[in-house]
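Enquirer: My structure is below; once you've seen it, I'll send some questions.
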Amino acid sequence: MNLETIRDQLTTKNIIFGLLICFFPLLMYAVDYITLLLSYRNIYLPTPSGDYILRIVVQVALYTLLAVGLNIVCGFTGLLDLGYVGFYLVGGYTAGLLMVRLGFSYWMVLPLAVLNGALWGLMRGAPTLRLTGDYFAIVTFGFAELLFRMVKNEIWLIGDINGFVKNIPHVSLFGIKLNQNWHHYYHILILLALVIFVTYRLQHSRIGRAWVAIREDEQAASSMGINVSRYKSLAFAVSAAIGALGGAFLAPFWSIISAGTFQFWESILILCMVILGGKGSIKGAVIGAVILGSLSEILREVLSNFPQFSGARYLLFGIILVLLMRYRPDGLIFKKT
Amino acid sequence: MEQFSEQLINALVLGGIYALIAVGYTMVYGIIELINFAHGEIFMFGAYFAFTLVTDFNLPFWVAVPISMLLCAGIGMLMDLIAYRPLRNAARLSALITAIGVSIGLQNLARIIWGARQRPFPSESLPAFLRQGIPPSEPLPAFALTETAIALPGGAFLPYRDLCIILLALVLMIALNRLVSLTKIGKAMRACAQNRVAANLMGINTNQVIVTTFAIGSALGAVAGVMVGVKEIIEPTMGYYKGVAAFAAAVLGGIGNITGAMVGGLLIGFAEVFGAGYIPYGYGSGYRVAIAYIVMIIVIIIRPSGLFGKSTATRA
């Protein structure tokens, strides 16, 4: 990426989009301010508060980060990972437990959680290297379920039933507590930008091309001199590390985590995002996550008024998956290149 | 001794139920090489249909169960027609993802229709001898009959309910075995499992065979669902947990192999009940659900073809 290409990217559209992303919290707080002013004149707008929207945007950005991470295994190397939430869990509990039980600072915990995630990714990857297709999918699924059972049962480790870790302290930076939604917004924005940058650079490197070669034909890739085991392991480790990064962000963001956060359906939701956008494309994963993440959060909000229909959210995701596979198996937005 | 015989009965019951569900997975996999994730949900619907028929429609239990089987067979066939048939020649993973989508969809549909809470099967709608019995206060001589159970030597009781489940599972297994090995449709199924294209060229209507396979598997799953409802409890997630355990049974027996699924079901049932009973420090009961996952992962990694399957290095 040299200066020429950067200059080409600086179109008016991109600049406006970039500015919107950079100053989004300001916009939201402006909305809040206007609503406040209007309320003095007894005009009440039926819109949700800007601060609340900001929090949802942070949540969607977190999903985007996970979708980009899952895309490495599902999209680039073409293996179906049904247990991605397992790494999210590893990151969440590494961060949560180290911060609560041992009083570590977040900035120390963050790299540890990422490393731990990569380690678990390699651990899961080693025995599954020669599996492909549905057998790989089933093992990943079982692995995430085992981790879920573990945090539910190992009370000595977690310290509470059902995997609850409570009172996770806020992140502090130079003595300032990062507990406002706009703090979280810039925090996740930086992490997401970092992850997208790393993934993008990997995709357009020797490594990324090796992954795609493995996806297209493992045997041919191997006979072209690609060390299939090594590159697959690398994909597992990087993907898992990103998942763990998401978990490490989640712990102080929610300040409470429980086993219920990391259920199988969460994996499927993230998978759905990757597939919606089109497997194997970072842009696709991002757009898929933004669409489905927002839809999910809006539905969660709407359905909270109708507890008996709380299942409708996942019913919809199920229908989306079926329809996508039937009509657009390569994704709604981007065709696989 | 008393505890042991009770565990043995529970293991047989659970094993029979798993075997009934597992044949549904394994038959479909044998023919179209698809892990029908949604099969567990069919099993759950079987329990709920029977439940609704006896509570809201006041049908007798013996009428409700066959109707529930028919309804589930219908859902299984619809599932194939709507979701899987259009993907028959698409990439294998597309079909698997579709199956997962159907599974989540059906599970949450059940949550919307019947609510998320657990429900026991209403015991007043069951025939008297199938109800949960109260153990008599004084010990009975061996093989004495009470209203709901047989006394066994050693002080344990064998409830008629459990006996019925074990016997019914056995009868259905034998019937399925006969069906597959003796009838014309069974022959067609085996031909499709060997080579679907060749079977089609020989004049077998493969689509019809596949739909029949779905129907049979789903009907058996529905029976298993009613059994679990009568013995344990009905809830929307039951299909997910029991379904995965049954899938583990199918993998253990060698996926695609019907006898393997029956044996695998029994083995998983035993592993789960005795594991939960005898692994100390609460690990057994806490990880009860996980035992099936562990068995499944180990089998897939060490011997993907299972106990009875043909040995292949990988599964594409």
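From first to last, the protein sequence lines are chains E and F.
Reading the first sequence from the start, the letters are residues 311 to 647 in our numbering.
Reading the second sequence from the start, the letters are residues -14 to 301 in our numbering.
The beta-carbon is built from N, C-alpha and C at its ideal position, and this holds for glycine as well.
No experiment lies behind these values; they were computed from the predicted model shown.
1) Rounded to a whole number of angstroms, what is the C-alpha to C-alpha distance between F:Leu(-3) and E:Leu631?
2) Taking the C-alpha atoms as reference points, what is the distance between F:Leu5 and E:Leu412?
3) Going straight from the alpha carbon of E:Ser614 to that of E:Tyr354, what length do you get?
4) E:Lys487 by DSSP, collapsed to three states: which one?
5) Could you name the residues of the same chain whose beta carbon sits closer than 7 angstroms to that of E:Gly388, not counting the 5 residues immediately before and after it, in chain order?
6) Return no unless some Cβ of chain F is closer than 8 angstroms to the Cβ of E:Val600.
7) Across the region 400 to 410 of chain E and the region 615 to 624 of chain E, are there enough close Cβ pairs to call them in contact, namely three or more that are closer than 8 angstroms?
8) Using a C-beta to C-beta distance shorter than 9 angstroms, which residues of chain F count as neighbours of E:Gly628?
9) Please classify E:Ser539: does DSSP put it in a helix, a strand, or coil?
10) Less than 7 angstroms between C-beta atoms, sequence neighbours within five positions excluded: which residues of the same chain meet that for F:Ala80?
11) Hey, how far is the Cα of E:Ala530 from the Cα of E:Phe446?
12) Measure the Cβ-Cβ separation of E:Val378 and E:Ala551 and say whether it is below 8 angstroms.
13) Taking the straight line between their C-alpha atoms, what separation do you get for F:Ile243 and F:Val8?
14) Give a yes or no on whether the minimum CB-CB distance between F:Tyr3 and chain E is below 8 angstroms.
15) Measuring CA to CA, which of E:Met583, E:Gly603 and E:Ser604 is closest to E:Gly594?
16) Please tell me whether F:Thr222 and F:Gln92 are closer than 8 angstroms, where the distance is taken between their beta carbons.
17) Is the shortest distance between the beta-carbon of E:Thr647 and the beta-carbons of chain F less than 8 angstroms?
18) I'd like the list of long-range same chain contacts for F:Ala96, defined as Cβ closer than 7 angstroms, with 5 residues on each side in sequence excluded.
19) Taking the straight line between their C-alpha atoms, what separation do you get for F:Leu186 and F:Asp147?
20) Classify F:Phe142 as helix, strand or coil using the three-state DSSP reduction.
21) Please state whether the Cβ-Cβ distance between F:Arg273 and F:Gly291 is less than 8 angstroms.
22) Quick one, are the C-beta atoms of F:Ile27 and F:Thr198 less than 8 angstroms apart?
23) Pick out the complete beta strand (DSSP E) segments inside the region 436 to 505 of chain E, 3 residues or longer, and give them in chain order.
24) Which residues does DSSP list as the beta-bridge partners of F:Arg104?
25) Rank E:Phe414, E:Gly396, E:Leu502 and E:Pro356 by C-alpha distance to the C-alpha of E:Cys332 and give the top, closest one.
26) Name the residues in the region 518 to 548 of chain E whose C-beta lies less than 8 angstroms from a C-beta of chain F; which are they?
27) Taking C-beta pairs closer than 9 angstroms, name the residues in chain F that E:Asn690 reaches, listed in chain order.
28) Using 8 angstroms as the limit for Cβ to Cβ distance, is E:Gly621 near chain F?
29) Buried or exposed: which applies to E:His514, given that a residue is buried once 16 or more other Cβ atoms fall within 10 Å of its Cβ?
30) Counting pairs of Cβ atoms below 8 angstroms between the region 471 to 488 of chain E and the region 592 to 612 of chain E, do you hit three or more?
31) F:Ala127 lies in the beta strand (DSSP E); which residues open and close that run?
32) Would you mind sorting E:Gly431 into buried or exposed? The rule is 16 or more other CB atoms within 10 Å of its CB.
33) Report the three-state DSSP secondary structure of F:Ala134 (helix, strand or coil).
34) Judging by CA-CA distance, which residue of F:Ala136, F:Ala233, F:Ala246 and F:Gly214 is the nearest neighbour of F:Val50?
35) Indicate the three-state DSSP secondary structure (helix, strand or coil) for F:Ile264 in the structure shown.
36) Decide yes or no for the touch test of the region 355 to 370 of chain E against the region 599 to 612 of chain E: beta carbon pairs closer than 8 angstroms, at least 3 of them.
Expert: The short version:
1) Rounded to the nearest angstrom, the two C-alpha atoms are 37 angstroms apart.
2) 49 angstroms
3) 23 angstroms
4) strand
5) Cβ neighbours of E:Gly388 beyond the five flanking positions: Arg525.
6) no
7) No: fewer than three Cβ pairs fall under 8 angstroms.
8) Ile85, Gly86, Val87, Ser88, Ile89, Gly90, Leu91, Gln92, Asn93 and Leu94
9) Helix.
10) Leu19, Tyr69 and Leu72
11) 20 angstroms
12) no
13) 6 angstroms
14) No Cβ of chain E is located within less than 8 angstroms of the beta carbon of F:Tyr3.
15) E:Met583
16) In contact: F:Thr222 and F:Gln92 (Cβ atoms closer than 8 angstroms).
17) Low confidence applies here, because E:Thr647 scores a pLDDT of 47, under 50, leaving its location unreliable and the question unanswered by this model.
18) The question names Ala, but residue 96 of chain F is Arg in the sequence shown. Taken in chain order, the residues that qualify are Pro221.
19) Their Cα atoms are separated by approximately 46 angstroms.
20) strand
21) no
22) no
23) List check, beta strand (DSSP E) in window: 481 to 483 and 486 to 488.
24) F:Ile219
25) E:Leu502
26) none
27) Absent from the model: residue 690 of chain E. The displayed extent of chain E is 311 to 647, so no value can be given.
28) yes
29) exposed
30) no
31) Here F:Ala127 belongs to no beta strand (DSSP E), and DSSP marks it neither H nor E.
32) buried
33) strand
34) For the options F:Ala136, F:Ala233, F:Ala246 and F:Gly214, the alpha carbon positioned closest to that of F:Val50 is the one of F:Gly214.
35) Correct three-state label for F:Ile264: coil.
36) yes
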